[in-house]
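Engineer:
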Amino acid sequence: MKKRQDLRNIAIIAHVDHGKTTLVDQLLRQAGTFRANEHIEERAMDSNDLERERGITILAKNTAIHYEDKRINILDTPGHADFGGEVERIMKMVDGVLLVVDAYEGCMPQTRFVLKKALEQNLTPIVVVNKIDRDFARPDEVVDEVVDLFIELGANEDQLEFPVVFASAMNGTASLDSNPANQEENMKSLFDTIIEHIPAPVDNSEEPLQFQVALLDYNDYVGRIGVGRVFRGTMKVGQQVALMKVDGSVKQFRVTKLFGYIGLKRQEIEEAKAGDLVAVSGMEDINVGETVCPVEHEEALPLLRIDEPTLQMTFLVNNSPFAGREGKFITSRKIEERLRSQLETDVSLRVDNTDSPDAWIVSGRGELHLSILIENMRREGYELQVSKPEVIIKDVDGVRSEPVERVQIDVPEEYTGSIMESMGARKGEMLDMVNNGNGQVRLTFMVPARGLIGYTTEFLTLTRGYGILNHTFDCYQPVHAGQVGGRRQGVLVSLDAGKASQYGIMQVEDRGVIFVEPGTEVYAGMIVGEHTRENDLTVNVVKMKQQTNIRSATKDQTSTMKKPRLMTLEESLEYLNDDEFCEVTPESIRLRKKILDKSERERAAKKKKSVEA
Numbered sequence: 001m002k003k004r005q006d007l008r009n010i011a012i013i014a015h016v017d018h019g020k021t022t023l024v025d026q027l028l029r030q031a032g033t034f035r036a037n038e039h040i041e042e043r044a045m046d047s048n049d050l051e052r053e054r055g056i057t058i059l060a061k062n063t064a065i066h067y068e069d070k071r072i073n074i075l076d077t078p079g080h081a082d083f084g085g086e087v088e089r090i091m092k093m094v095d096g097v098l099l100v101v102d103a104y105e106g107c108m109p110q111t112r113f114v115l116k117k118a119l120e121q122n123l124t125p126i127v128v129v130n131k132i133d134r135d136f137a138r139p140d141e142v143v144d145e146v147v148d149l150f151i152e153l154g155a156n157e158d159q160l161e162f163p164v165v166f167a168s169a170m171n172g173t174a175s176l177d178s179n180p181a182n183q184e185e186n187m188k189s190l191f192d193t194i195i196e197h198i199p200a201p202v203d204n205s206e207e208p209l210q211f212q213v214a215l216l217d218y219n220d221y222v223g224r225i226g227v228g229r230v231f232r233g234t235m236k237v238g239q240q241v242a243l244m245k246v247d248g249s250v251k252q253f254r255v256t257k258l259f260g261y262i263g264l265k266r267q268e269i270e271e272a273k274a275g276d277l278v279a280v281s282g283m284e285d286i287n288v289g290e291t292v293c294p295v296e297h298e299e300a301l302p303l304l305r306i307d308e309p310t311l312q313m314t315f316l317v318n319n320s321p322f323a324g325r326e327g328k329f330i331t332s333r334k335i336e337e338r339l340r341s342q343l344e345t346d347v348s349l350r351v352d353n354t355d356s357p358d359a360w361i362v363s364g365r366g367e368l369h370l371s372i373l374i375e376n377m378r379r380e381g382y383e384l385q386v387s388k389p390e391v392i393i394k395d396v397d398g399v400r401s402e403p404v405e406r407v408q409i410d411v412p413e414e415y416t417g418s419i420m421e422s423m424g425a426r427k428g429e430m431l432d433m434v435n436n437g438n439g440q441v442r443l444t445f446m447v448p449a450r451g452l453i454g455y456t457t458e459f460l461t462l463t464r465g466y467g468i469l470n471h472t473f474d475c476y477q478p479v480h481a482g483q484v485g486g487r488r489q490g491v492l493v494s495l496d497a498g499k500a501s502q503y504g505i506m507q508v509e510d511r512g513v514i515f516v517e518p519g520t521e522v523y524a525g526m527i528v529g530e531h532t533r534e535n536d537l538t539v540n541v542v543k544m545k546q547q548t549n550i551r552s553a554t555k556d557q558t559s560t561m562k563k564p565r566l567m568t569l570e571e572s573l574e575y576l577n578d579d580e581f582c583e584v585t586p587e588s589i590r591l592r593k594k595i596l597d598k599s600e601r602e603r604a605a606k607k608k609k610s611v612e613a
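Under the UniProt record's numbering, residues 1 to 613 are what the sequence shown spells out, in order.
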């Protein structure tokens, strides 16, 4: 079978923060992809502001590197399971994978999730043990762990014979030797391993065209763009082709533009051959999984399976007393347009209408997936409010089932007891416990996904910030009976509207933890703190000190306030209860009760109790 020896297509798999994007940076630099005078951002492939800030990859991206007389197409995949929808489709576009693992941390749950998808596609793996120069690195043990993981995930004999490259992406060095002292001066050994071990694509350019869309992009000038691989034949600009739709229908269109990749840039090309990864425009409603083929030879490729969403939230038009003050886009029409436009490129997302024209149910792959969407909308000037995240219950063989996550926790030994207790309270089932020998213990659990909503804050408190928590969707299991997880404490709710005063805050400090600073504008029904007890308490934080003309004995005593707990968007979403909303604007994140009026809230609570009784 004829092969295209000038081309290799690979995807990079790694857990969050194991150095995958930094590794791609070094490959780009050392292959001479950037001009000598060209300014390069650190982590060049993380092109989105949020990706740079959080150090995570959200969108799958393509880059092309020229090494000697070969072209290597590299797809940088998201390392977080919430963006797994992208990962699965990428696996269809490549012939091999680079698995990057940290020389100290080893294999993590997200690595497992993505690697499983790659092995199922029968892709050829290369293992890169990165950060070989870090303290406490244990490269040989990590390689053994990778072998165990491959066996556990059902790798075949050929996949188990994977080559291993030891690297330090930060320093731009690599070697086939696990001793850090023997690192070579560059990445040549990694380049050579890719060329030698990753199979070249089959060259069947003479046969009828087959191109499958794996990712979507959008451009204001050319509209929707389908990114994918030419599996067979040749595609040319101006060619009249047929699009085999997901629903079985066929539409014809003309290819208006074709884009190839050079470095990180897209470049217009005239034709693409079998094995090439390209972007095509010309069809406005092109979708993921659809096949482009010749008009006279309609033959669809198997559809790509996209994982179902596991979590949903209600997005609403902001109706708080402060609505419209800080946002540019506040109407239901604008919010719906933005959500619908997100569907153009994010196929793991679902947006459903509700009975109200001002509310939508948005479903995604996890908390991070949805919080990234909310954060992006907020930065673009949108103002909205969202409800507590809820897991999606579905019927599996006639049984009501809920998503269950595999949780991996690394903590110092002294915290294992409290972690096991907290996991037990969340219906966690312990699978494994390994002592790493340097005072660290790795615990593995299976926990219902709803038990993990809001767990991060409790986890950091229990481990005093020393613990590392990772979790990824595993499977659906019959719904666990009773309450799983959830917030135990009540909240402090503002009684009046106005500016929070230092005096008002200090009067209620001993009742719990305060969330607002003096001078913050609040409204009745807004959550201003966490109560020490399980019930909610209405407090007056806008109260001013009575001025008198009599000097008191304690007049000159200085009073100190406790520092308030200011929450990020993720923490706010995790914190929510069923009767609360999170109000999100470009400038503020506020927590509030769904019913703002105190007496109405009390009536609703009584009614709920009588119904439950």
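Here a beta-carbon is modelled for each residue, glycine too, at the ideal position from N, C-alpha and C.
Using DSSP with H/G/I as helix, E/B as strand and the rest coil, what is HIS471?
Structural biologist: strand
Engineer: Going by alpha carbons, who is nearest to GLU583 out of LEU431, ARG378, ARG406?
Structural biologist: ARG378
Engineer: Please list, in chain order, all residues of the same chain as ASN535 whose beta carbon is under 6 Å from its beta carbon, the five residues on each side excluded.
Structural biologist: GLY490
Engineer: Alpha carbon to alpha carbon, how far is HIS39 from ILE65?
Structural biologist: The predicted position of HIS39 is uncertain, since its pLDDT is 44 and thus under 50; no value can be drawn from it.
Engineer: Using alpha carbons as the reference points, say which of ALA323, MET430, LEU304, LEU343 lies closest to GLN121.
Structural biologist: LEU304
Engineer: Quick check on DSSP: helix, strand or coil for GLY512?
Structural biologist: strand
Engineer: Could you tell me the alpha carbon to alpha carbon distance between GLU383 and LEU573, rounded to whole angstroms?
Structural biologist: 15 Å
Engineer: Count the other CB atoms within 10 Å of the CB of ASP148; is the residue buried (16 or more) or exposed (fewer)?
Structural biologist: By the neighbour-count rule (16 or more Cβ atoms within 10 Å), ASP148 is not buried but exposed.
Engineer: Find the nearest neighbour of LYS562 within the set LEU591, ILE595, PRO518, ALA605, judged by alpha-carbon distance.
Structural biologist: When only C-alpha atoms are compared, the closest one is PRO518.
Engineer: Going by DSSP, what residue range makes up the alpha helix (DSSP H) through residue 697?
Structural biologist: With the chain covering 1 to 613 only, the question about residue 697 has no answer from this structure.
Engineer: Going by DSSP in three states, TYR503 sits in which element: helix, strand or coil?
Structural biologist: helix
Engineer: Taking the alpha-carbon of VAL97 as reference, which of THR111, PHE515, ARG590 has the nearest alpha-carbon?
Structural biologist: Closest option to VAL97, Cα to Cα, is THR111.
Engineer: Return the chain-ordered list of same chain residues with a C-beta closer than 8 Å to the C-beta of LYS3, the five sequence neighbours on each side being excluded.
Structural biologist: PRO199, ALA200, PRO201, VAL202, ASP203
Engineer: Any chance you could list the alpha helix (DSSP H) runs of at least 4 consecutive residues sitting entirely within the segment 394 to 476, in chain order?
Structural biologist: 416 to 425, 449 to 452, 455 to 462
Engineer: Since GLU580 and ARG592 are thought to touch, with beta carbons under 8 Å apart, how far apart are those beta carbons, to the nearest angstrom?
Structural biologist: 7 Å
Engineer: For the alpha helix (DSSP H) that MET377 lies in, which residues bound it at each end?
Structural biologist: For MET377, the uninterrupted alpha helix (DSSP H) segment begins and ends at 367 to 379.
Engineer: For VAL528, does the three-state DSSP call read helix, strand or coil?
Structural biologist: Three-state DSSP puts VAL528 in a strand.
Engineer: Among all the DSSP beta bridges, which residues are the ones paired with VAL97?
Structural biologist: ALA11, PRO125
Engineer: If you follow the beta strand (DSSP E) that GLN267 is part of, which residue opens it and which one closes it?
Structural biologist: 265 to 269
Engineer: CB-CB under 7 Å to LYS273, same chain, minus the five flanking residues each way: which ones, in chain order?
Structural biologist: Excluding five sequence positions before and after LYS273, the CB atoms of its chain that fall closer than 7 Å to its own CB belong to SER205, VAL230, THR234, given in chain order.
Engineer: Please return the same chain residues whose Cβ sits closer than 6 Å to the Cβ of LEU209, not counting the five positions on each side in sequence.
Structural biologist: Correct list, in chain order: GLY233, MET235, CYS293, PRO294.
Engineer: Does the beta-carbon of ASP346 have 16 or more other beta-carbons within 10 angstroms, so that it is buried, or is it exposed?
Structural biologist: buried
Engineer: So, under 8 Å CB-CB, ARG266 and GLU344 are touching, yes? Tell me the CB distance rounded to an integer number of Å.
Structural biologist: Not quite, the Cβ-Cβ distance comes to about 17 Å (not below 8 Å), so this is no contact.
Engineer: Under a three-way DSSP split, which group does TYR382 fall into?
Structural biologist: If DSSP states are grouped into helix, strand and coil, TYR382 belongs with the strands.
Engineer: List the whole-angstrom C-beta distance separating ILE72 from ILE10, where the pair is believed to meet the contact cut-off of C-beta under 8 Å.
Structural biologist: 7 Å
Engineer: Less than 8 Å between the beta carbons of LEU28 and GLY263, yes or no?
Structural biologist: yes
Engineer: Go through its chain and collect everything with a Cβ distance to ALA300's Cβ below 7 Å, but skip five positions before and after it.
Structural biologist: MET244, THR291
Engineer: According to DSSP, simplified to helix, strand and coil, what is THR63?
Structural biologist: strand
Engineer: If contacts are defined as beta-carbon pairs under 8 Å, then ALA214 and LEU190 qualify, I think. What distance do you get, rounded to the angstrom?
Structural biologist: Between LEU190 and ALA214 the Cβ distance is about 25 Å, and since that is not below 8 Å, they are no contact.
Engineer: Give the straight-line distance between the Cα atoms of PRO139 and LEU431, rounded to the nearest whole angstrom.
Structural biologist: 25 Å
Engineer: Output the distance between the C-alpha atoms of ILE269 and VAL255, rounded to the nearest integer angstrom.
Structural biologist: 12 Å
Engineer: Hey, quick one: how far does the alpha helix (DSSP H) through VAL237 stretch, first residue to last?
Structural biologist: Run containing VAL237: none; DSSP gives neither H nor E here.
Engineer: Using the Cβ count rule (16 or more neighbours within 10 Å means buried), how would you classify ASN130?
Structural biologist: By the neighbour-count rule (16 or more Cβ atoms within 10 Å), ASN130 is buried.
Engineer: Which residues bound the alpha helix (DSSP H) around PHE211?
Structural biologist: Careful: PHE211 lies outside any alpha helix (DSSP H), inside the beta strand (DSSP E) at 210 to 219.
Engineer: Name the residue from MET433, SER401, LEU23 whose alpha carbon lies nearest to the alpha carbon of ASN171.
Structural biologist: LEU23
Engineer: In the DSSP output, which residue or residues are listed as bridge partners for LEU495?
Structural biologist: None, per the DSSP bridge assignment.
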